[in-house]
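Counting in the working numbering, the final residue of the sequence shown is number 628, and the numbers go up one at a time with none missing.
Okay, structure first, notes after.
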Amino acid sequence: MIKSLSEFEQATAQAKENPDGFWSKVASEFEWKSPWKKTLDYDFSKPEVKWFVGGKLNITESCLDRHLVTQPNKTAILFEPNDPTEAAQHITYKELHKRVCQTANMLKANDAKKGDRICIYMPMVPELAIAVLACARIGAIHSVVFAGFSATALAARINDASCSMLLTADGGFRGAKTIALKKIADEALASCSTVNCCLVLQRTQQEVQWNPIDKWWHEEIEKVGSDCPATEMDSEDPLFVLYTSGSTGKPKGMVHTCGGYMVYTAYTFKNVFQCQPNDVYWCTADIGWITGHSYIVYGPLANGATTVMFEGVPSYPAFDRFWEVCAKHKITHFYTAPTAIRALEKHPTSLVEKHDLSSLKVLGSVGEPINAEAWHWYDEHVGRHNCPIVDTWWQTETGGILISSLAGVTPQKPTFATLPMPGVQAVLLNNEGDEIEGEGEGILAIKHPWPSIARTIWGDHERYKNVYFSAYPGYYFPGDGALRDAEGNFRITGRVDDVVIVSGHNLGTAPIENAINEHPEVVESAVVGFPHDIKGNALCAYVIVRDMGVDSSTIEKEIREEVAKTIGPIAKPDQILVVSGLPKTRSGKIMRRILRKLAAGEHDQLGDISTLLNPEIVEEIKRQNS
Ligand code: WT7
């Protein structure tokens, strides 16, 4: 573990001078079935990246088996249910190992094999983490789909990766609501021909329909034993696929591989959070997102930490649930999203103060830029000016944290993610693609691969190349803008493409537009983000309808329903404006830049609009907006 600023500087210098030697040393701290022959092979122009080439391993041996010897009775997963009156569960490393092996045997007994894709659509219960690890145990590729996604979105993901199995639950508890997961899964499976087995966990005991391919989890698990040797995997075999939105309607299935992902998530967890043996670490994300994969499951477990899984929401039964759980389990590390902080900040601080938060040592932020107000509120009321805050910048595609301070070790700076991790060569580019030296603002890019970079998009390597490696040849292009201060600290300024981060959810505007265009009355639409107090960004949809005389409130309602149905409730636009036209260039391209300014109310910062095909439409939208 890096323990001082000088050790950090040393690690950074070593990783830059000799990346192979540096990562080879880090990787040697894990369980390998046989060693790698070459540390790194890469060519960004293809693009191709391979780490720990020829190495054989199973990630679950580093996450589970090795801890059986040293700390079998330590809590691995601490589960806090949605309902505070339901008992929390402390699952030890020994028990977790056993349950993972048993679940792996259940998958095998139902014909799952190495390389198969298994879709997991489950609530935040221990069985979700166990299912993920069980897939890894047998070398099946997991594809977790967030349980807030709709049937259409679920089906698209299942079909994209031709999954052969679906793991789901009867339902899920989320605050005061129950989500009918099985019902949504049934609807999705109606259009998924590759799935031949659906295992259903009982969580809510609600009634479900039963189909020929369905089997109850609790019945199947009874039939198998708990001895399951770990399948040998190549370093570069896929570990999982996880979907993220892009600028077209089709989600991108980012593929992460076994060796590099293990090494990098574990390394960054250890050094960013600085967890000590008796600490209790809580990341409030859902395992349906990359944050949950890397920093609830794999990173913490590879380090033998105690990781909390929370089934509920911050507002249930009241807006102090997070703080109540922190006090109850004496949480030492708390990692959440700016959108959650902003939502909680709106409530009286007495809700925080009434709980004993003295166990907290480190706070974290992830998912979007954290604004100054939220940063200071977090620091003052949750951290009591006594906890370092790590603002971690990364992406589904990067697998692990690329830019962040190390808690208590490297300097923090409010609203800045600060410095790149050792081995991460972050640069700023100008529009011409030249590197900016020193202080400045530009496009963020990464020059050299790190071990957990996604290797491809499932089934579409060409798209992988186009999206991430073509705009600035020789660099990985994440799609974010950033500025850098004189000390080299980075501050992420936001997306530079058509992706909007709403409440920490990465949403492509194109799939939302496609959903809106499904409405029979809609001719064309454009969706843009605009700043929002709590969500960070909110969505505004401009729609052109066939008949301007129609009742717009009905259309608005139907559009929201359509978006919820095809993507999920998180993508519902906050604002819908029925307009008679959209500002376009002469070549017919919608000028989203102008729509973004209009949605943000920045009417006087539109720049020159005279080159538009239809400048008059801008005046019309302005009038409508005010
Ligand atoms: C996008 C990636 C990282 C896991 C959760 C989101 C934004 C993420 C930060 C941060 C500023 C951030 C970026 C990035 N983002 N973390 N600390 N500061 N922006 O993963 O859904 O793949 O979204 O989230 O715009 O590109 P994701």
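All C-beta atoms, glycine included, are put in the ideal place defined by N, C-alpha and C.
Alpha-carbon spacing of residue i relative to residue j, whole angstroms
| i | j | result |
| --- | --- | --- |
| F479 | L430 | 10 Å |
| E399 | N60 | 22 Å |
| T206 | K348 | 32 Å |
| G442 | A428 | 13 Å |
| P37 | F54 | 8 Å |
| L584 | R548 | 14 Å |
| S612 | L600 | 16 Å |
| N432 | Q397 | 22 Å |
| E434 | W452 | 25 Å |
| C260 | I569 | 30 Å |
| I223 | P575 | 42 Å |
| C328 | V282 | 9 Å |
| G294 | E9 | 29 Å |
| P128 | C103 | 14 Å |
| E439 | T41 | 30 Å |
| G461 | D358 | 50 Å |
| W34 | H99 | 18 Å |
| I448 | Y477 | 5 Å |
| H258 | E560 | 38 Å |
Proximity below 8 Å, CB of residue i to CB of residue j
| i | j | result |
| --- | --- | --- |
| F312 | L346 | no |
| I518 | V552 | no |
| T376 | D393 | Note that residue 376 is Ala in the sequence shown, not Thr. Not a contact, by the Cβ cut-off of 8 Å. |
| G531 | P21 | no |
| R119 | S166 | yes |
| I298 | C277 | no |
| A136 | L109 | yes |
| S454 | G385 | no |
| G141 | M235 | yes |
| A540 | S527 | no |
Span of the alpha helix (DSSP H) around residue i
| i | result |
| --- | --- |
| T568 | S554 to T568 |
| H144 | That residue, H144, is in no alpha helix (DSSP H); its beta strand (DSSP E) goes I143 to V146. |
| V469 | H463 to F471 |
| R159 | A153 to D162 |
| I455 | Unbroken run through I455: none, as it is neither H nor E. |
| E82 | Segment T77 to E82 is the beta strand (DSSP E) holding E82; no alpha helix (DSSP H) there. |
| V429 | Note, V429: premise wrong, no alpha helix (DSSP H); beta strand (DSSP E) at A428 to L431. |
| L130 | P128 to I140 |
| F275 | C260 to F275 |
| W219 | W219 to E224 |
Among the options, the one whose alpha carbon lies nearest that of residue i
| i | options | result |
| --- | --- | --- |
| A190 | Q207, C121 and T246 | C121 |
| I292 | G506, K39 and P522 | G506 |
| I592 | V547, S367, A512 and E520 | A512 |
| G57 | L353, V501 and G262 | G262 |
| V629 | G583, K27, R548 and V529 | The structure shown does not extend to residue 629, since the chain is modelled only from 3 to 628, so the question has no answer here. |
| D288 | V426, H534, T338 and S472 | T338 |
| Y2 | E370, P371 and I391 | Because the chain is modelled from 3 through 628, residue 2 falls outside the range shown and cannot be assessed. |
| M3 | N305, I181 and D535 | N305 |
| R457 | F242, N75 and S30 | F242 |
| I93 | E82, P86 and T87 | E82 |
| L80 | K332, D462 and I405 | K332 |
| Q208 | V71, L183 and L541 | L183 |
| H383 | G369, K449, S454 and S360 | S360 |
| V501 | C277, G510, R493 and Y300 | G510 |
| T62 | A89, A90, S47 and K96 | K96 |
| C230 | L66, A484 and T309 | L66 |
| G314 | A149, H463 and H258 | A149 |
| N491 | Q91, K567, L404 and S164 | L404 |
| A29 | D482, K254, T267 and Q577 | T267 |
| Q91 | E489, N508, S454 and K330 | K330 |
| A342 | L597, R139, H534 and K116 | H534 |
| I372 | H69, S406, C200 and A320 | S406 |
| Q626 | V580, L608 and L614 | V580 |
| F271 | S582, L408, A187 and T351 | L408 |
Identified DSSP bridge partners for residue i
| i | result |
| --- | --- |
| K52 | D43 |
| R486 | G442 and F492 |
| V282 | T308 |
| G255 | Y245 |
| N539 | P533 |
| V547 | V524 |
| N20 | N20 pairs with nothing; no bridge assigned. |
| G420 | Going by the sequence as given, residue 420 is Thr instead of Gly. DSSP, once it has assigned bridges, lists F492 as partnering T420. |
Boundaries (first-last residue) of the beta strand (DSSP E) holding residue i
| i | result |
| --- | --- |
| H636 | The requested residue 636 does not occur in the structure, where the chain is confined to residues 3 to 628. |
| H99 | From DSSP, H99 is part of no beta strand (DSSP E) but of the alpha helix (DSSP H) over Y95 to A111. |
| R119 | R119 to Y123 |
| Q577 | Q577 to V581 |
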